[in-house]
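Asker: Got a structure here, written out as structure tokens. Questions coming.
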Amino acid sequence: MIRNNEGKISMTIDEMRRELQRRLNKKRFAHSIGVANTAVKLAKRFSVDETKAYIAGILHDCAREFEDDDLPTQAKLRGIKIGEVEQVMPLLLHPYIGAKMIKEIYGVDDEEISQAIYRHTVGARNMTKLDKIIYFADMIEPNRNYPGVEKLRALAETAELDEILLTAFNETIIFVIKKNSLVHPDTIAARNFLLLNK
Ligand SMILES: [Fe+2]
Ligand SMILES: [Fe+2]
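Encoded structure:
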């Protein structure tokens, strides 16, 4: 049984993995394992708690067990406020729902893990090292395949964490703008925060 110092993690990692595998489709489960393993590598490099990185990594997409059009209902059930961007892009609700589900389903009552899951999709100002690692691991885990992913993977080996994140936000914002999509205000805030605190 692996527990954190406060004893607030009541399932073994094996049990969490089994429960997640039951709830997610094959592709999402494989992605989750990829994020967990990538997060542990980054945690080693940047001196972050590896157990927390693994747990946040495997569970970051746990709310993807719901269909996209069920996400607003699931958010409301949990008292999550739906912003104007989330209203038209309900998929953006899965990190907020997931941040609560880890306690409901997986026995993880840990604020740092919950926050990293909450922030994994659009980021936030003043992110912790764990938040940053989960955000980035989600972009570069081995199952990801898009133009530019190799450049980001290479960065993970050499660059400092804030430089990695700044590049990740830049790439994300450019990608979203090229698609003519909405840019989430938290992503702008996250990027500005990094630049202002350089
Ligand atoms: Fe996600
Ligand atoms: Fe993900």
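Quick note on numbering: the working numbering labels position 53 of the sequence shown as 251, and the sequence is numbered without any gaps. For every residue, glycine included, the Cβ atom is placed at its ideal position computed from N, Cα and C.
1) In terms of alpha-carbon separation, which member of Asp266, Ile371 and Asn343 lies closest to Arg389?
2) Leaving out five residues on either side along the sequence, give the residues of the same chain with a beta carbon under 6 Å from the beta carbon of Gly296.
3) Let me know if Glu272 comes out buried or exposed under the rule of 16 or more other beta-carbons within 10 Å of its beta-carbon.
4) In the DSSP assignment, find the unbroken alpha helix (DSSP H) run with Met337 in it and report its ends.
5) Got a sec, what are the start and stop residues for the alpha helix (DSSP H) Ile371 sits in?
6) Could you name the residues, in chain order, whose CB is less than 5 Å away from a heavy atom belonging to ligand 2?
7) Can you give me the start and stop residues for the alpha helix (DSSP H) that His292 sits inside?
8) Three-state secondary structure (DSSP) at Val283?
9) Report buried or exposed for Glu302, applying the criterion of at least 16 other Cβ atoms within 10 angstroms of its Cβ.
10) Is the segment 343-356 touching the segment 286-293, taking contact as three or more C-beta pairs under 8 Å?
11) Could you check the C-alpha separation between Arg201 and Arg221 for me, to the nearest Å?
12) Based on Cα-Cα distance, which residue from Asn341, Arg342, Val320 and Asn324 lies nearest to Tyr333?
13) Do Leu257 and Leu218 have their C-beta atoms within less than 8 Å of each other?
14) Looking at Pro293 and ligand 1, is the gap between the Cβ and the nearest heavy atom below 7 Å?
15) Under 7 Å Cβ to Cβ from Glu237, same chain only, skipping five residues before and after it: list those, please.
16) Flag this pair as yes or no: are the beta carbons of Ala322 and Asp384 separated by less than 8 Å?
17) Would you mind reading off the limits of the alpha helix (DSSP H) that contains Ser230?
18) Using the beta-carbon count (16 or more within 10 Å), is Arg215 buried or exposed?
Answerer: Looking at the coordinates:
1) Ile371
2) Cys260, Ala261 and Ile315
3) Note that residue 272 is Gln in the sequence shown here, rather than Glu. Gln272 should be labelled buried.
4) Lys327 to Ile338
5) Leu359 to Lys376
6) Asp259 and Asp336
7) His292 to Glu302
8) helix
9) exposed
10) no
11) Bear in mind that a pLDDT of 48 at Arg201, under 50, signals an unreliable position, so the model cannot answer this.
12) Val320
13) yes
14) yes
15) One detail in the question is off: residue 237 reads as Ala in this sequence, not Glu. Answer for Ala237: Ala251, Tyr252, Ala254, Gly255, Ile331, Ile332 and Ala335, listed in chain order.
16) yes
17) Lys224 to Arg243
18) buried
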